[in-house]
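Q:
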Amino acid sequence: MTLHSAKIGQPVSRIDGLAKVTGQARYAAEPHPAGMLYGFIVNSPIARGRIETIRDEAARAVPGVVEIMTHLNRPHSALFEKSYMDGLGVPGSPYRPLHDAEISFNGQPVAVVLAETFEAAREAAMLLEVDYERWPHNADFEASLHQKYMPSKTRSNYVPPKSRGNAAEAYALSPIKIEGRYHLAPEHHNPMEMHATTVIAEDDGTFTVWDKTQGPQAVQAYLTSALSLSKDQVRVRNPYVGGAFGSGLRAQHNVFLAALGAKMLKRSVRITLTRQQMFTHVFRPEAVMNIALGAQPDGTLQSMIVDGVTDTSRFEHNMENLVIWGLINYKCPNATADYKVAPRDTYTSSDMRAPGAATGVNLFEMAVDEMAYACNMDPLAFRLHNYSDIDAMHDMPLTSKALKEAMHEGAERFGWYNRPIAPKSMRDGKELIGWGMATGIWDAMFSPTSARATLIADGRLHIATAASDIGTGTYTILAQTASEAFGIPIEMIDIELGDSTLPECPTEGGSWTAASAGAAVWLACQSLREKLFKTLGKSGNISAWLTAGLSNNTTVLQDGFLQDKDADENLRLSLSEALSLTGQDRLEVEETAKPGLRGTISQMRKARFTHSAVFCEVRVDEELGIVRVTRLVNAVAAGRIMNPKTAASQVRGAMVMATGMALHEESLMDERVGRFMNHNFAEYHIPAHADIPDMDVLFVEEKDREVSPLGVKGVGEIGMCGTAAAIANAIFHATGQRHRSLPITPGN
Amino acid sequence: MRQFSYSRPDTLDTACHTPDHTRYLAGGTNLIDLMKSDVERPEHVVDLSALSMSQIEERPDGGLRLGALATNADTAAHPLVTERYPLLASAILAGASPQIRNRATNGGNLNQRTRCHYFYDPDMACNKRSPGTGCSAKGGRNRIMAILGTSDACIATFPSDMCVALAALNATVHLTGPEGERSVPLRDYHRLPEDTPWQDNILRTGEIVTSIDLPPLSFGSHHTYLKIRDRLSFAFAIVSVAAGLQMENNTIGKACIAMGGVGTKPWCVPEAEALLEGKTPSPSLFRDAAECLLQGAVTDRDNAAKLKLAPRVIIRALSQAAAGTPQSQTQKTIF
Numbered sequence: 001m002t003l004h005s006a007k008i009g010q011p012v013s014r015i016d017g018l019a020k021v022t023g024q025a026r027y028a029a030e031p032h033p034a035g036m037l038y039g040f041i042v043n044s045p046i047a048r049g050r051i052e053t054i055r056d057e058a059a060r061a062v063p064g065v066v067e068i069m070t071h072l073n074r075p076h077s078a079l080f081e082k083s084y085m086d087g088l089g090v091p092g093s094p095y096r097p098l099h100d101a102e103i104s105f106n107g108q109p110v111a112v113v114l115a116e117t118f119e120a121a122r123e124a125a126m127l128l129e130v131d132y133e134r135w136p137h138n139a140d141f142e143a144s145l146h147q148k149y150m151p152s153k154t155r156s157n158y159v160p161p162k163s164r165g166n167a168a169e170a171y172a173l174s175p176i177k178i179e180g181r182y183h184l185a186p187e188h189h190n191p192m193e194m195h196a197t198t199v200i201a202e203d204d205g206t207f208t209v210w211d212k213t214q215g216p217q218a219v220q221a222y223l224t225s226a227l228s229l230s231k232d233q234v235r236v237r238n239p240y241v242g243g244a245f246g247s248g249l250r251a252q253h254n255v256f257l258a259a260l261g262a263k264m265l266k267r268s269v270r271i272t273l274t275r276q277q278m279f280t281h282v283f284r285p286e287a288v289m290n291i292a293l294g295a296q297p298d299g300t301l302q303s304m305i306v307d308g309v310t311d312t313s314r315f316e317h318n319m320e321n322l323v324i325w326g327l328i329n330y331k332c333p334n335a336t337a338d339y340k341v342a343p344r345d346t347y348t349s350s351d352m353r354a355p356g357a358a359t360g361v362n363l364f365e366m367a368v369d370e371m372a373y374a375c376n377m378d379p380l381a382f383r384l385h386n387y388s389d390i391d392a393m394h395d396m397p398l399t400s401k402a403l404k405e406a407m408h409e410g411a412e413r414f415g416w417y418n419r420p421i422a423p424k425s426m427r428d429g430k431e432l433i434g435w436g437m438a439t440g441i442w443d444a445m446f447s448p449t450s451a452r453a454t455l456i457a458d459g460r461l462h463i464a465t466a467a468s469d470i471g472t473g474t475y476t477i478l479a480q481t482a483s484e485a486f487g488i489p490i491e492m493i494d495i496e497l498g499d500s501t502l503p504e505c506p507t508e509g510g511s512w513t514a515a516s517a518g519a520a521v522w523l524a525c526q527s528l529r530e531k532l533f534k535t536l537g538k539s540g541n542i543s544a545w546l547t548a549g550l551s552n553n554t555t556v557l558q559d560g561f562l563q564d565k566d567a568d569e570n571l572r573l574s575l576s577e578a579l580s581l582t583g584q585d586r587l588e589v590e591e592t593a594k595p596g597l598r599g600t601i602s603q604m605r606k607a608r609f610t611h612s613a614v615f616c617e618v619r620v621d622e623e624l625g626i627v628r629v630t631r632l633v634n635a636v637a638a639g640r641i642m643n644p645k646t647a648a649s650q651v652r653g654a655m656v657m658a659t660g661m662a663l664h665e666e667s668l669m670d671e672r673v674g675r676f677m678n679h680n681f682a683e684y685h686i687p688a689h690a691d692i693p694d695m696d697v698l699f700v701e702e703k704d705r706e707v708s709p710l711g712v713k714g715v716g717e718i719g720m721c722g723t724a725a726a727i728a729n730a731i732f733h734a735t736g737q738r739h740r741s742l743p744i745t746p747g748n
Numbered sequence: 001m002r003q004f005s006y007s008r009p010d011t012l013d014t015a016c017h018t019p020d021h022t023r024y025l026a027g028g029t030n031l032i033d034l035m036k037s038d039v040e041r042p043e044h045v046v047d048l049s050a051l052s053m054s055q056i057e058e059r060p061d062g063g064l065r066l067g068a069l070a071t072n073a074d075t076a077a078h079p080l081v082t083e084r085y086p087l088l089a090s091a092i093l094a095g096a097s098p099q100i101r102n103r104a105t106n107g108g109n110l111n112q113r114t115r116c117h118y119f120y121d122p123d124m125a126c127n128k129r130s131p132g133t134g135c136s137a138k139g140g141r142n143r144i145m146a147i148l149g150t151s152d153a154c155i156a157t158f159p160s161d162m163c164v165a166l167a168a169l170n171a172t173v174h175l176t177g178p179e180g181e182r183s184v185p186l187r188d189y190h191r192l193p194e195d196t197p198w199q200d201n202i203l204r205t206g207e208i209v210t211s212i213d214l215p216p217l218s219f220g221s222h223h224t225y226l227k228i229r230d231r232l233s234f235a236f237a238i239v240s241v242a243a244g245l246q247m248e249n250n251t252i253g254k255a256c257i258a259m260g261g262v263g264t265k266p267w268c269v270p271e272a273e274a275l276l277e278g279k280t281p282s283p284s285l286f287r288d289a290a291e292c293l294l295q296g297a298v299t300d301r302d303n304a305a306k307l308k309l310a311p312r313v314i315i316r317a318l319s320q321a322a323a324g325t326p327q328s329q330t331q332k333t334i335f
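As you go down the protein sequences, you meet chains A and B in turn.
Using the UniProt record's numbering, you'd call the opening residue of the first sequence number 1 and step up by one each time.
Using the UniProt record's numbering, you'd call the opening residue of the second sequence number 1 and step up by one each time.
1) May I ask you to report which of helix, strand or coil DSSP gives Pro397 of chain A?
2) Going by beta carbon distance, what residues of the same chain come within less than 7 angstroms of His78 of chain B, once the five residues before and after it are set aside?
3) Could you have a look at Gly653 of chain A and say whether DSSP puts it in helix, strand or coil?
4) Please identify, using Cβ separations under 8 angstroms, the residues of the stretch 213-235 of chain B that lie next to chain A, in order along the chain.
5) Taking only three categories from DSSP, how would you classify residue 749 of chain A?
6) As an exercise, report each continuous alpha helix (DSSP H) stretch of at least 4 residues that is fully enclosed by the stretch 142-218 of chain A, in chain order.
7) Looking at the C-beta of Pro45 of chain A, does it have a partner C-beta in chain B at a distance below 7 angstroms?
8) Beta-carbon of Thr2 of chain A versus every beta-carbon of chain B: anything under 7 angstroms?
9) Is there a Cβ of chain A sitting closer than 7 angstroms to that of Leu169 of chain B, yes or no?
10) Identify the contact partners of Pro746 of chain A in chain B, using a Cβ-Cβ distance below 8 angstroms as the criterion.
11) Taking its Cβ as the centre, do 16 or more other Cβ atoms sit within 10 Å of Phe80 of chain A, making it buried, or is it exposed?
12) Select from A:Pro397, A:Ile441, A:Glu67 the residue whose C-alpha is nearest the C-alpha of Ala262 of chain A.
13) Taking only three categories from DSSP, how would you classify Asp288 of chain B?
14) If we define contact as Cβ-Cβ less than 7 angstroms, is Asn678 of chain A a contact residue for chain B?
15) Within the same chain, show all residues whose beta-carbon is closer than 7 angstroms to that of Cys525 of chain A, passing over the 5 residues directly before and after it, in chain order.
16) Drop a sphere of 10 angstroms on the beta-carbon of Ile421 of chain A, count the other beta-carbons inside from all chains shown, and report buried for 16 or more, exposed for fewer.
17) Name, please, each residue of chain A whose Cβ falls closer than 8 angstroms to the Cβ of Tyr120 of chain B.
18) Could you list the residues in the stretch 320-333 of chain B with a C-beta less than 7 angstroms from some C-beta on chain A, going in chain order?
19) How should Met150 of chain A be labelled, buried or exposed, when 16 other C-beta atoms within 10 angstroms of its C-beta is the threshold for buried?
20) When you compare only the Cα positions, how much space is there between Thr600 of chain A and Ser708 of chain A?
21) Check the Cβ of Met145 of chain B against every Cβ in chain A and list those closer than 7 angstroms, keeping chain order.
22) By the 9 angstroms beta-carbon criterion, what residues does the stretch 424-454 of chain A contribute toward chain B?
23) Determine the direct distance from the alpha carbon of His253 of chain A to that of Ala201 of chain A, and round the result to whole angstroms.
24) Please check if any C-beta of chain A sits within less than 7 angstroms of the C-beta of residue 336 of chain B.
25) Anything in chain B within Cβ reach of Ala688 of chain A, meaning under 8 angstroms, just list it in chain order.
26) How far does the beta strand (DSSP E) with Lys340 of chain A in it extend, from its first residue to its last?
27) Write down every uninterrupted run of the alpha helix (DSSP H) in the stretch 253-334 of chain B whose length is 4 residues or greater and which is fully enclosed by it, in chain order.
28) Should the stretch 636-648 of chain A be called in touch with the stretch 240-253 of chain A, which here means at least 3 C-beta pairs below 8 angstroms?
29) Does any C-beta atom of chain A lie closer than 7 angstroms to the C-beta of His21 of chain B?
30) What did DSSP end up calling Tyr240 of chain A once you bin it into helix, strand or coil?
31) Got a sec, what are the start and stop residues for the alpha helix (DSSP H) Gln526 of chain A sits in?
Spelled out as structure tokens, the structure:
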């Protein structure tokens, strides 16, 4: 087999694929340290109140039970709330597991049974009797709207909406108006891998924590702070993560409780959540948006008025960038938006794939469709008519926006231009056919990230950064980046991720990893290459260097060999030979990529976004209302695409999730008890294969030298944004009926 | 799950003579889940897999006998089933997933328990799971709950697809127990909840389903199993209809119809069947049948959609059966 450098932009298959399908890849619940105990969490059946008594005789009598950890006997953990703040936490008082007798949400852990086997732990958990004093609670979203508020301290990534013109007056004067209340049901992340932690109590008294997380260094910081441990006592590893979608952004209670148990008993502990328990923590907040749009008869938007509310818990203020997207993306002289959060007695809602935008963009794009129809305009033409080349909310230029190109290429691919405007104008037998479209927008973020590149004796290149690959393809794109930057075949590269001891990398999320970790690896590899050349030049072995027929000026490093750029292939040095010539057993560099790398970031402030145009065909049984999505085309403008294969896979995955948002996924809150009741995969419906058509993802060319050092924008979330709206809009086109609440389920 | 004893008897007689608090294990696709969720708490699990009850064989009267331990997958694929009872094969294939159908048995299908959220959650009051605790499905998130055959004590839906077809086909269930053998029409096998919802069916202690008989009955192509659910595969029915019509010169002879997803048991109304017989298929006739089938329906907080959908599904299913165009379970378009 000839080895080749796999450059950025090539459709390389996942380099970790073999490890995953053969079970070599180890996930958080897979290490089996000797003497490990199994922890099983007991959850509160009430939403608010306090624990009165815990009767554990029967539970303790189960053979194999070692300890039952509750607020009464847990070891010391940090006293102050601020010690439980995690890197991506939200303002408020973070939940402190087993801190005291108070219950703040249904499903709150009240005890952890630690036993020699999982079976014993679970049986004892079933036998534990806990009496509660019940306090009144409210878990009803509609009722919580009466208490909506703006937190005095906002989340660090919160973008406040910025008004322009006089929206109310312009709306009143607009000849064409639409107004509606749009709603999204709460959803749960439900990654394939349940949340789990294995804490290995090492002989030297330190803890190695295998956790399902998107940020090993954030979890390390959280544990050291919350459990009063020093940084060198805790190492967090997450080399493989079976999906997360945001559920692993913040340290979840399983990692705290497993570490607490290990600290208490000085033994290794594993805690895995059941699928049912996955419904006891984070979820995408329920949301309501009131949207009013005014336009001229020619389709020129005159006014946009958006107000939106998402839910949060009583103890933390989770906030989303919900209401800003239309104001940013559309040219409209008058616009205003307002955002609040509504508190209810549940756990704190949290970021789920494209937080804020998945909800805000989709609901807004449903309203835009209504306005296009009110103006009797084709929805694509309407959007082009109101197209903004700038961030219209901040009146700020953009690093790039190839949305127009995405709209045209997507429309072309879909065959949109043949579409009759009138709803209910296409049918096939008993099915009505509808075509809908929407646009998507998501942040193109960059975070300073470090990476280490090491050339080792056998000539292999070792890359390390504390990034997390949550199934997106990070291993692969970083290998491609290193391959191109250093000039070495991808097979000679080892990538090490998911370890808190590695060079600093922010928590994976927000679609920033490709741009950020990619840039860090690029920089480290370039730097290592220079170091190799420099060291070779300096070393006493110039003669060998020359014997090989190479000179400093004309030598290049490609395909893993130092060779003269013009000479034949026989005159070349392997990397292991080259390294031995330097007289060192390894060469290593660590670099940090910052936004200003290579001067690519302009001094002028610019806004940066990923865009997309989504086109959808649905068939709806006219009498029964059964919806089938039969075609989906998504044209994405996301800067430079590092790997079209893994990138398209990410976009497709998000489109599946967005199909669930449009048609299936809904966590059913029983507000009488504050619990999401359909807490299993039989009744929480994610799309099945039969629900998903062939999906066509295309990337439009978008050269952007400013957005990030490599011109990369990231694609993890953009597929969520617009897809659900395109489906809802297609249902309108098929049936002539507007549905303003998602999901749209049979019978509604 | 809690500790339990396990045995695998090799005679039916031994299997029938078991202590109290025994659960019989066949495919395990439902029982094991329920034990993990602490819903079922048997002290003894008696595994029936050593008994030879998996045959599918012709009856002298031209009917078919389905062994209780034959898997759903084997049953749906059996040539005699696909030839003579395509309605049953279709209903089986409309349920669960291939993996589950490979494990699940016919007897187990009859005895599966409701998917009610509140039954499945031991923290919630449920008369079916814990007699006398009340019904938290009433007034709760009950979109999937029954609208027919409910009581103050319980509104849980019986979830089977297969049993809906068996009910339409007027199958007979054979039982063996400590007191001997008996046979019960499938339509009488499941119970209404009334004030004892914990009793799903008429099984007595120690009784085991040994086989299910299908009468000699042919609808030609005039049958259908039409299932409406929240996604296009692998979900329990919101509303389903099994229908078979014996058509002669555009006149309905014998009519068989049963509903799933809407009742606390497979829902049959003989008057609705009688109403169809001897008539020429027409939308208004089917509407009348739907009205008759749905008489007495009661909706609760979230499940009004079932009542809205049900008549349309009945009418469509009867139209499919009358036209001889049964619903495909792979092609998702509903004709």
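No residue lacks a Cβ here, since even glycine has one placed at the ideal position from N, Cα and C.
A: In this structure, then:
1) strand
2) Ile56
3) helix
4) Ile228, Arg229, Asp230, Arg231, Leu232, Ser233, Phe234, Ala235
5) Since the first residue of chain A shown is 1 and the last is 748, residue 749 of chain A is not available in this structure.
6) 167-173
7) yes
8) Bear in mind that the predicted position of Thr2 of chain A carries a pLDDT of just 48, short of 50, making it unreliable; the figure below should be weighed with that in mind. It does not; no Cβ of chain B falls within 7 angstroms.
9) no
10) Ile228, Arg229, Asp230, Ile238, Ala305, Leu309
11) exposed
12) A:Glu67
13) helix
14) yes
15) Ala453, Ala482, Ala485, Phe486
16) exposed
17) Asn680
18) Lys332, Thr333
19) exposed
20) Because Thr600 of chain A sits at a pLDDT of 48, beneath the cut-off of 50, its placement in the model cannot be relied upon, and the point is left open.
21) None at all; the shortest Cβ gap to chain A is about 11 angstroms.
22) Asp428, Gly429, Lys430, Glu431
23) 19 angstroms
24) Absent from the model: residue 336 of chain B. The displayed extent of chain B is 1 to 335, so no value can be given.
25) Arg231, Leu232, Ser233, Phe234, Ala235
26) 334-343
27) 270-276, 283-293, 304-323
28) no
29) no
30) coil
31) 513-538
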